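Asks: I have a structure I would like to understand better, so I am pasting it below and will then ask my questions one at a time.
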Amino acid sequence: MKKRIISFASLGLVCATFFLSCETKNQAAEEQLETALETPEKIISNAQAATLFKNDQNTRLSQIGKSTTRFEDKAIHFDLATLEAYINRLERLATSKNIPITGASFVFGADADGKRTVFLMPSTRNANLDYQESFTIENGQFLTFKHVVTSLNPQKNSQNNEDLVLSPNGYLSYNEAVVMFNNYQTQYIEPFAKKVTKNYYTKAVWYSLDEFTDYINYLKKKSNKHNLAITGIDVFFGVYDTDASLELKSNTQTVFLTASTQHQTIVNVSGKTLQRLTQEDFLAKENDEGSLAYNFGHLSPPPPKKD
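Numbering-wise, the sequence shown is residues -28 to -1, 1 to 279 according to mature numbering (1 follows the signal peptide of the UniProt record, and there is no 0).
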């Protein structure tokens, strides 16, 4: 009788262990599913971010005599709260003025000192030219910003009174944006074009309003969950690998985004910095779990279509 009681007790212990194990596995599976569902589609691995960063150094900056550009000068910082308010403003503008705003583009520019930068502009779809065309509004006038052309001409009178062109240092007028856009052409595209002939040179990268919102919410959730104190988004220039599988994006300029705190750029929920990552052997770390880096926006000018 005693042996039978022990057997039943042992069986109960085995069953409890089995069900506990199943419950633990189910919980882990649910957590993985929840993480996958809340992770934006365009999150990239830390290895991919580091590759984009290094390719920009090796295939662009080094080609045009700017190989000594400091890491600090490569980071283009946007305050997270300011960026969120900007996207919300574009959504309200689309409704109040019945403008079919599709998203916003990071338009490439260079400041008076020759430092690369980007500024954000709202976009609408230009079906004829097959790209997301930026615009602003000044003094009640709708002004297109055709960043598919080589250079732009300033307006006779330009005054920022709608706060639609957002730079890291505040809002720009149309003419201020034109100067920076033209500077990028003369200081970066033209020197590179003398070394490497391409059918087109990227001048802007577009994301939809929903993609901006999803990424901002993703960073806020990760910041709260992992106590990261994320305060902004840092934008970096990058270059895709020379790889036939990438088709038209092969060896093409782009930008990628990642999180920033008050003190540094971080690329994952562990708080690893981008600067440290690029100094390590990152090639084996392809998993994007916990990554905070973001890429795969639409390039402009659009890649030429293959016949």
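Glycine included, each C-beta is placed from N, C-alpha and C at the ideal position.
No experiment lies behind these values; they were computed from the predicted model shown.
Is the beta carbon of Phe153 less than 9 Å from the beta carbon of Lys175?
Replies: Against a cut-off of 9 Å, the Cβ pair of Lys175 and Phe153 comes out as a contact.
Asks: Check this for me: beta carbons of Ile15 and Ser263, under 9 Å apart or not?
Replies: Cβ atoms of Ile15 and Ser263: closer than 9 Å.
Asks: Unbroken beta strand (DSSP E) runs of length 3 or more, entirely within the region 177 to 236: which are they?
Replies: If we require 3 residues or more, the beta strand (DSSP E) runs fully inside the region 177 to 236 come out as 204 to 211 and 225 to 232.
Asks: Does the distance from the C-beta atom of Glu105 to that of Gln127 stay below 9 Å?
Replies: Result no, Cβ atoms of Glu105 and Gln127 do not sit closer than 9 Å.
Asks: So who's on the other strand from Phe114, going by DSSP bridges?
Replies: The partner list for Phe114 (beta bridge, DSSP) reads Ile109.
Asks: By Cβ distance below 6 Å, which residues in the same chain neighbour Ser34 in space, the five residues on each side in sequence not counted?
Replies: Nothing listed; no residue qualifies.
Asks: Using only the alpha-carbon positions, how far apart do His235 and Asn100 sit?
Replies: Distance between the alpha carbons of His235 and Asn100: 44 Å.
Asks: Please state whether the Cβ-Cβ distance between Ala265 and Val239 is less than 9 Å.
Replies: Going by C-beta atoms, Ala265 is nearer than 9 Å to Val239.
Asks: Would you kindly work out how many angstroms separate the C-alpha atoms of Lys166 and Thr158, rounded to a whole number?
Replies: Cα to Cα, Lys166 sits roughly 11 Å from Thr158.
Asks: Just list the beta strand (DSSP E) runs in the region 11 to 77, keeping only unbroken ones of 3 residues or longer that don't cross its boundaries, in chain order.
Replies: The region 11 to 77 contains these whole beta strand (DSSP E) runs: 48 to 51.
Asks: Near Ala231, what residues of its chain come up, given a Cβ to Cβ distance below 8 Å and the 5 sequence neighbours on each side ignored?
Replies: Around Ala231: Leu191, Lys194, Ser195, Leu200, Ile202, Gly204, Ile205, Asp206, Thr237, Ile238, Val239 and Leu264.
Asks: With a threshold of 8 Å on Cβ separation, who are the neighbours of Asn147 within its own chain once the five nearest residues in sequence on each side are excluded?
Replies: The answer, listed in chain order, is Pro126, Gln127 and Ser130.
Asks: Can you tell me the Cα-Cα spacing of Arg64 and Ser217, whole angstroms?
Replies: If I take the Cα positions, the gap works out to 40 Å.
Asks: Going by beta carbon distance, what residues of the same chain come within less than 8 Å of Leu124, once the five residues before and after it are set aside?
Replies: So the list reads Phe117, Lys118, Val150, Phe153 and Asn154, once near-sequence residues are dropped.
Asks: How about Gly269 and Tyr173: do their beta carbons lie closer than 9 Å?
Replies: Not in contact: Gly269 and Tyr173 (Cβ atoms no closer than 9 Å).
Asks: Using the beta-carbon count (16 or more within 10 Å), is Gln251 buried or exposed?
Replies: It is exposed - the Cβ of Gln251 has fewer than 16 other Cβ atoms within 10 Å.
Asks: For Lys46, which option in Leu220, Leu92, Ser68 and Gly81 has the closest C-alpha, if you only look at C-alpha atoms?
Replies: Among Leu220, Leu92, Ser68 and Gly81, the Cα nearest to that of Lys46 is on Gly81.
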